[in-house]
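In our numbering, the protein residues as written are 82 to 344.
In this text, a Cβ means the ideal position worked out from N, Cα and C, and glycines have one as well.
Notes follow once the structure below has been shown.
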Ligand SMILES: NC(=O)c1ccc[n+]([C@@H]2O[C@H](COP(=O)([O-])OP(=O)(O)OC[C@H]3O[C@@H](n4cnc5c(N)ncnc54)[C@H](O)[C@@H]3O)[C@@H](O)[C@H]2O)c1
């Protein structure tokens, strides 16, 4: 583990750091001088992300944790705080679950809880564990990740699984951020949400693989709905995260920023 260097931007926790947007966010934050505390449950992916992020001289460590476990989240945040001053928390981990189901009748309690816990409860857990540190230092930047699906989407399930639960969780993240931003506004802590639409990661990333496996007709339908005629790229979402996590974004709080190519 490298010590946090004097004069850098402090520690940024990034969850889902082994995934497409999480890795891009980690790269972005390292380029802004953050020491990045990478969290994911995918140990192999996390090691690859650590190698990637530190390749250019960036400072990072990897921490395996399940973001839906209160105990593991608390341990992760404690470890990050022991490493360095937590100036930013970027919650990226999420997903729509493995079961492609559109109709409400097809969603059982287990499917529902899985998606809500992964996307919404995880954000609550990380914020609850991190805010006390930020409150004490009277400074913090929290960035959460919603989705354009928070407004729903007509048509068959394509790149998303349990879409109803996913839309509910992602809309919940926007409400959560709106409220928490007001609750901590007088403590120097900002809370914002990025709202990406379909976003591709690097080759090998889950979403890219899922998108490429779609039948041609389904893929063309998805593309025809995108005003720019192309999906977003993970680095484009990461750029917005980087701004919201920076010191410069000091008077921006409680927003849900679309990064969706005019969708
Ligand atoms: N890619 C898109 O099209 C898109 C669009 C809108 C919103 N989003 C949101 O952006 C975020 C990242 O998406 P992505 O495309 O990079 O996904 P991804 O699947 O590539 O990455 C998600 C990461 O989260 C990790 N993860 C999953 N469950 C976890 C758990 N319980 N504990 C710890 N880590 C866990 C995975 O291992 C993975 O590395 C998600 O919240 C997603 O809902 C993505």
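{"Item": "How would you write the range of the alpha helix (DSSP H) that residue 339 sits in, first residue to last?", "Value": "Residue 339 -> not in any alpha helix (DSSP H); beta strand (DSSP E) instead, spanning 337-340."}
{"Item": "Less than 8 Å between the CB of residue 302 and some heavy atom of ligand 1, yes or no?", "Value": "no"}
{"Item": "Is any heavy atom in ligand 1 found nearer than 8 Å to the beta carbon of residue 138?", "Value": "no"}
{"Item": "So is the beta-carbon of residue 262 under 8 Å away from any non-hydrogen atom of ligand 1?", "Value": "no"}
{"Item": "If I follow the unbroken beta strand (DSSP E) through residue 331, where does it start and stop?", "Value": "First-last for residue 331: undefined, no H or E at that position."}
{"Item": "Assign residue 215 to one of two classes, buried (16 or more other C-beta atoms within 10 Å of its C-beta) or exposed (fewer than that).", "Value": "buried"}
{"Item": "For residue 206 and residue 240, which I take to be in contact (beta-carbon distance under 8 Å), what is that distance rounded to the nearest angstrom?", "Value": "In fact, because the Cβ distance is near 26 Å, the residues do not count as touching under 8 Å."}
{"Item": "Please report the residue range of the alpha helix (DSSP H) in which residue 262 lies.", "Value": "244-264"}
{"Item": "Count the C-beta pairs between the stretch 86-103 and the stretch 126-137 that are closer than 8 Å, then say yes if the count reaches three, no if not.", "Value": "yes"}
{"Item": "If you reduce the DSSP assignment to three classes, tell me which class residue 267 lands in.", "Value": "helix"}
{"Item": "Is residue 237 buried or exposed, if buried means 16 or more other CB atoms sit within 10 Å of its CB?", "Value": "exposed"}
{"Item": "How long is the line joining the alpha carbons of residue 333 and residue 271, rounded to whole angstroms?", "Value": "7 Å"}
{"Item": "Once you ignore the five residues that flank residue 193 on each side, which residues in its own chain have a CB closer than 6 Å to its CB?", "Value": "246"}
{"Item": "Using the C-alpha atoms, what's the distance from residue 320 back to residue 109?", "Value": "7 Å"}
{"Item": "Is it true that the CB of residue 199 sits closer than 9 Å to the CB of residue 178?", "Value": "yes"}
{"Item": "Which residues in the same chain as residue 324 place their Cβ atom closer than 7 Å to its Cβ, once the five residues preceding and following it in sequence are excluded?", "Value": "330"}
{"Item": "CB-CB under 6 Å to residue 94, same chain, minus the five flanking residues each way: which ones, in chain order?", "Value": "118, 161 and 170"}
{"Item": "With a 10 Å radius around its C-beta and 16 neighbouring C-beta atoms as the bar for buried, classify residue 308 as buried or exposed.", "Value": "exposed"}
{"Item": "Taking the beta strand (DSSP E) that residue 222 belongs to, which residues open and close that run?", "Value": "221-226"}
{"Item": "Could you have a look at residue 188 and say whether DSSP puts it in helix, strand or coil?", "Value": "coil"}
{"Item": "Find the nearest neighbour of residue 316 within the set 107, 89 and 96, judged by alpha-carbon distance.", "Value": "107"}
{"Item": "Would you mind reading off the limits of the alpha helix (DSSP H) that contains residue 205?", "Value": "203-218"}
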